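Novice: Read left to right, the sequence shown gives residues 17 to 395 (the working numbering).
All C-beta atoms, glycine included, are put in the ideal place defined by N, C-alpha and C.
Small disclaimer: the values here were computed from a predicted structure and weren't measured.
Below: one structure in structure tokens.
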Amino acid sequence: MGERLGIALLVLALQAFAAFLFTRGVRLPGRFHLPVHALFIVMNLPLPYVLWLQAGARQPPLWLAAAVVRPFFAWQSSWFTFSLFFGISIGLTRLAVLVTGYDGLLTFIRGLAVGAAGFWTALAVAGLIGTVKAPEVTRVKITLPGLRPADRGVRVALLSDVHVAWWNSKSEIDRIGKIIADEKPDLLLVAGDMVDHHPAYTEAFADALEAVRPRLGRFAVIGNHDVYTGRNEVARRMTARGIVMLRRTAERLDSSGARITVAGFDDSGQGWTKWDPASKVIPELVSGLEAPIILLAHRPPPLEGLRGLPPMLILSGHTHGGQVRLPFGGPGLADLTFDYTAGKYRKADQTLYVTRGVGHVGWPFRIFCPAEITVIALE
């Protein structure tokens with residue numbers, strides 16, 4: 017109870033600061049103060065409901081997730097970003113006005129702040145709509161070195177970054193499982209970031225995959241958000257539900273009917289905006305493994321560092337494809353820090369496929385970057 021109260025007070029304090037910045041900080045005309053403050057109050061009304069959802073690892077119905085919970089999430093994350101960037105700018109501008117006596121600077125920053133808020137609102141609406149849409153199924157053919165002729169055509173379903181939490185509904189998560197089941201894959205691989213905020217959300221994730229029973233099995237690795245949530249508890253719950261966790265381990269699929277090795281390792285949870293330090297274990301992990309090898313790594317590893325290792329197919333997620341991208345195939349947010357953000361890459365005799373994933377973090381937006389479930393036909 018005390019922790020939730022502390023979170024609520026912190027959220028409300030940040031919101032009060034944001035409202036102050038947007039009204040008095042830029043000297044917004046007085047007639048706008050009451051409507052702005054009223055809007056801030058209305059948009060924070062879902063806070064007790066959200067804390068209740070999170071405390072009990074509950075999920076809202078779809079209509080509440082789409083119309084209330086995710087807009088609340090978007091509002092909070094957006095105004096936090098606004099306060100972070102404009103707080104310093106407004107403070108420096110007010111200081112400059114005090115020193116120079118030139119009010120034109122404040123007029124400029126006020127116009128910039130109002131314009132940014134309007135633009136971001138339009139972006140948020142488009143992004144929120146993007147999160148409600150069903151994931152696309154991307155079907156690709158990829159050559160797996162060392163694959164025997166009898167195993168050609170094996171279909172691998174790659175799922176990543178579902179982020180089951182208080183901001184998505186059970187029906188949305190169940191829809192993911194149905195889409196995969198309808199594809200009838202031979203093998204299911206989950207590239208991490210299954211849950212957020214509470215390890216009990218693992219049960220909802222596993223429920224969705226209950227109908228997915230590929231002949232070669234179901235395997236998963238720990239992503240950085242699973243680390244933050246409680247990696248060992250998430251792994252324990254996944255294992256109890258019949259999903260094999262690859263935790264710096266490998267499994268040979270001979271007994272299931274295919275001569276393929278699958279391997280994987282836990283994400284470190286460190287430095288999530290860049291490649292994972294845990295990828296340094298890859299040479300040791302794959303040493304001595306029988307080809308062909310599929311390596312499951314939550315974050316795309318630096319391929320140049322894998323030169324000299326046996327050729328593998330590496331499957332990753334984490335980047336969300338950028339989550340927010342420019343139109344017509346333009347770059348996204350992930351391109352600022354990652355070399356590999358979405359699709360197939362070939363380098364240093366290694367093949368990497370990065371899926372866009374199905375969830376979202378930070379801002380609950382998907383813009384020009386639809387959610388994706390990948391089905392790979394091995395050749």
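Could you check how far apart the C-beta atoms of residue 371 and residue 390 are, in whole angstroms? I think they sit under 8 angstroms.
Specialist: Correct: roughly 5 angstroms between the Cβ atoms.
Novice: For residue 394, list the residues DSSP reports as bridge partners.
Specialist: Paired residue(s): 158.
Novice: Nearest to residue 385 by CA position, among 337, 140, 144, is which residue?
Specialist: Comparing Cα positions, the closest option is 337.
Novice: Just to confirm my understanding: we take residue 86, look at its own chain, exclude 5 residues before and 5 after, and list those with CB closer than 7 angstroms. What are they?
Specialist: Closer than 7 angstroms at Cβ, skipping near neighbours: 144, 147, 183, 380.
Novice: Can you list the alpha helix (DSSP H) stretches of 4 or more residues lying completely in the region 183-256, in chain order?
Specialist: Fully enclosed alpha helix (DSSP H) runs of 4 or longer: 186-199, 217-224, 240-256.
Novice: To the nearest angstrom, how far is it from the Cα of residue 219 to the Cα of residue 46?
Specialist: Approximately 50 angstroms, taken between the alpha carbons.
Novice: Can you give, in chain order, each stretch of the beta strand (DSSP E) that sits fully within the region 266-344 and has at least 3 residues?
Specialist: Runs found: 277-280, 309-312, 329-332.
Novice: May I have the straight-line CA-CA distance separating residue 251 from residue 341, to the nearest angstrom?
Specialist: So the alpha carbons of these two residues sit roughly 32 angstroms apart.
Novice: What are the start and end residues of the alpha helix (DSSP H) that includes residue 75?
Specialist: First-last for residue 75: undefined, no H or E at that position.
Novice: Measure how close the beta-carbons of residue 230 and residue 203 come, nearest whole angstrom, since I'm counting them as under 8 angstroms.
Specialist: Right, the Cβ-Cβ distance comes to about 5 angstroms (below 8 angstroms), so this counts as a contact.
Novice: Quick one: what does DSSP say residue 57 is sitting in, helix, strand or coil?
Specialist: Residue state, collapsed to three classes: helix.
Novice: Can you give me the C-alpha to C-alpha distance between residue 149 and residue 79, rounded to a whole angstrom?
Specialist: If you take the alpha carbons of residue 149 and residue 79, they lie about 13 angstroms apart.
Novice: Straight-line CA distance for residue 276 to residue 327?
Specialist: One C-alpha to the other measures close to 13 angstroms.
Novice: Can you tell me whether residue 188 is buried or exposed? The criterion is at least 16 other CB atoms within 10 Å of its CB, across all chains shown.
Specialist: Residue 188 is buried by the Cβ-count criterion.
Novice: Counting C-beta neighbours from all protein chains within 10 Å, is the total for residue 358 16 or more, i.e. buried, or is it exposed?
Specialist: With 16 or more other Cβ atoms within 10 Å, it is buried.
Novice: When you compare only the Cα positions, how much space is there between residue 48 and residue 39?
Specialist: Rounded to the nearest angstrom, the two C-alpha atoms are 8 angstroms apart.
Novice: Thinking just about the alpha-carbon of each residue, which of 95, 64, 119 is nearest to the one in residue 42?
Specialist: For residue 42, the nearest C-alpha among the options comes from 119.
Novice: For residue 153, which beta-bridge partners are listed by DSSP?
Specialist: Bridge partners of residue 153: 389.
Novice: What three-state label does DSSP hand residue 361 in the structure shown?
Specialist: Strand.
Novice: My output table needs one value for residue 373: the three-state DSSP class, helix, strand or coil.
Specialist: Three-state result, residue 373: coil.
Novice: Could you spell out the range, first to last residue, of the beta strand (DSSP E) harbouring residue 25?
Specialist: Run containing residue 25: none in the beta strand (DSSP E); it sits in the alpha helix (DSSP H), 18-36.
Novice: Rounded to whole angstroms, what is the Cα-Cα separation between residue 394 and residue 65?
Specialist: Computed Cα separation, rounded: 46 angstroms.
Novice: Taking only the alpha-carbon atoms, compute the straight-line gap between residue 186 and residue 72 and give it to the nearest angstrom.
Specialist: Going by the C-alpha atoms only, they are around 14 angstroms apart.
Novice: Reducing DSSP to helix, strand and coil, say where residue 42 ends up.
Specialist: Correct three-state label for residue 42: coil.
Novice: Please identify the residue among 60, 111, 131, 305 whose C-alpha is closest to the C-alpha of residue 44.
Specialist: Cα-wise, what sits closest to residue 44 is 131.
Novice: Please state whether the Cβ-Cβ distance between residue 205 and residue 236 is less than 9 angstroms.
Specialist: Cβ distance < 9 angstroms, so residue 205 and residue 236 count as in contact.
Novice: Distance check for residue 35 and residue 298, CA to CA, integer angstroms please.
Specialist: Rounded to whole angstroms, residue 298 to residue 35 spans 48 angstroms at the Cα level.
Novice: Pull up the distance between the alpha-carbon of residue 331 and that of residue 213, whole angstroms please.
Specialist: Distance between the alpha carbons of residue 331 and residue 213 is about 25 angstroms.
Novice: Within its chain, find whatever has a CB closer than 8 angstroms to the CB of residue 369; leave out the 5 residues flanking it on each side and keep chain order.
Specialist: Same-chain partners within the cutoff: 156, 158, 174, 329, 330, 331, 332, 359, 360, 361, 390, 392.
Novice: Figure out for me which residue from 289, 96, 363, 282 has the closest Cα to the Cα of residue 301.
Specialist: Ranking 289, 96, 363, 282 by Cα distance to residue 301 puts 282 first.
Novice: For residue 382, which residues in the same chain have their Cβ closer than 7 angstroms to its Cβ, ignoring the five residues on either side in sequence?
Specialist: Excluding sequence neighbours, residue 382 sits near 143, 146, 147, 339, 376.
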